[in-house]
Structures are given as C-alpha cells and as structure tokens.
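Residue numbers (our numbering): 3 to 157.
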C-alpha cells in the first residue's frame, strides 16, 4: 500500500510544528544558551492573577499620570527572570518607529520613568515553567491613553 504524498507532507509538517526549538542568545557581556519554546507548560503569573496585576499598577502609578490627556499607546517590554523579577525594561521596543502606526505610539519621558519605577518595584512573579524548571521569559504590556481604570476591587 502506497502512502499519498500529501499525507507524508502533513506528517512532516505536524512533527515540525510540535517540536520545541533551542537557540543561542548573545548578551553584550557574556554568551549563554537560552531555551526558546513557544509552548509553555505554565506561563508566568503575577501573585493574585491578572486583576491583581492591574490593581497593583493602578494603585502604584501617580494619579496625575493616569489622567494624562495624550492619546495613544506606550508598549512596555521587559524580561522576567527565573526568580520572577522584572529587568531590561524598555518602551516602544527601544525605538518608537518600531511600533506599528495603527497603535498610535506616543513617547512621554515622565510617564515612562513612572511606569519603569512601578514595574521594577513589583513583587516577584511566579516565573514561567518548562520541564518543571523556572525559565526566563519576555513580556510585552501595551498601555493605552487616555487611561481607563480596569481594576475590579473585591470586597
């Protein structure tokens, strides 16, 4: 019995898609192996979940910055290390021209400094887990302005 060509192609494609990959990452100061796997066994989580994260950010940000009248989006990118702490915080991918125009990117140094302070002072997250080990992961957090409060305080 002959196996049709399209079936062979489908099997190869399925194997390729489901196989995790690894790559090398070079930092300015050192070289180390970093596992890259798009399928996380357990994603990183802020203590208390998504709503607790939103409430934390809103409670910590200076109130005048929540009321800023600029219209657009600032995108925070950061690395969450194996211990659950934020590091390497950047805004708008380090270059506002890299942000898609449809997101209406804005740059506001005062706001960026305040958001950086809040994220660096966060309590440790539960790190992402792969093969029952904590791994470093990158996060991206868009912040739209004018800001609409989203925290749902539980009584």
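All C-beta atoms in this analysis are idealised placements derived from N, C-alpha and C, irrespective of residue type, glycine included.
Taking a contact to mean a Cβ-Cβ separation below 7 angstroms, would you say residue 145 touches residue 76 in this structure? Sequence index remark: in the chain shown, residue 145 carries index 143 (1-based). Sequence index remark: in the chain shown, residue 76 carries index 74 (1-based). One thing to note: residue 145 has its Cβ within 7 angstroms of the Cβ of residue 76.
Between the segment 113-122 and the segment 76-96, do at least 3 Cβ pairs fall closer than 8 angstroms? Contact check between the segment 113-122 and the segment 76-96: three or more CB pairs, one atom from each, fall below 8 angstroms, which counts as touching.
Neighbourhood of residue 130 by C-beta distance below 6 angstroms, restricted to the same chain and skipping five residues each side: In the chain shown, counting from the first residue as 1, residue 130 sits at position 128. Within the same chain, and ignoring the five residues on either side of residue 130 in sequence, the residues whose Cβ sits closer than 6 angstroms to its Cβ are 42, 45, 46, 137 and 139.
Runs of alpha helix (DSSP H) wholly within the segment 95-133 (minimum 4 residues, chain order): Entirely contained in the segment 95-133, the alpha helix (DSSP H) runs reaching 4 residues are, in chain order, 111-122.
Can the beta-carbon of residue 152 be found closer than 7 angstroms to that of residue 56? Residue mapping note: residue 152 aligns to position 150 of the chain shown, counting from 1. Residue mapping note: residue 56 aligns to position 54 of the chain shown, counting from 1. Yes, they are a contact pair.
Would you give the residue range spanned by the alpha helix (DSSP H) that residue 238 belongs to? This structure cannot speak to residue 238, because the chain is shown only from 3 to 157.
Go to residue 84, then tell me how far its beta strand (DSSP E) extends in each direction, as first and last residue. Mapped onto the chain shown, residue 84 falls at position 82. From DSSP, residue 84 is part of no beta strand (DSSP E); its letter is neither H nor E.
Rank 107, 112, 126 and 97 by C-alpha distance to the C-alpha of residue 64 and give the top, closest one. Residue numbering aside, residue 64 sits at position 62 when the chain shown is read from its first letter. The residue from 107, 112, 126 and 97 with its alpha-carbon nearest to that of residue 64 is 112.
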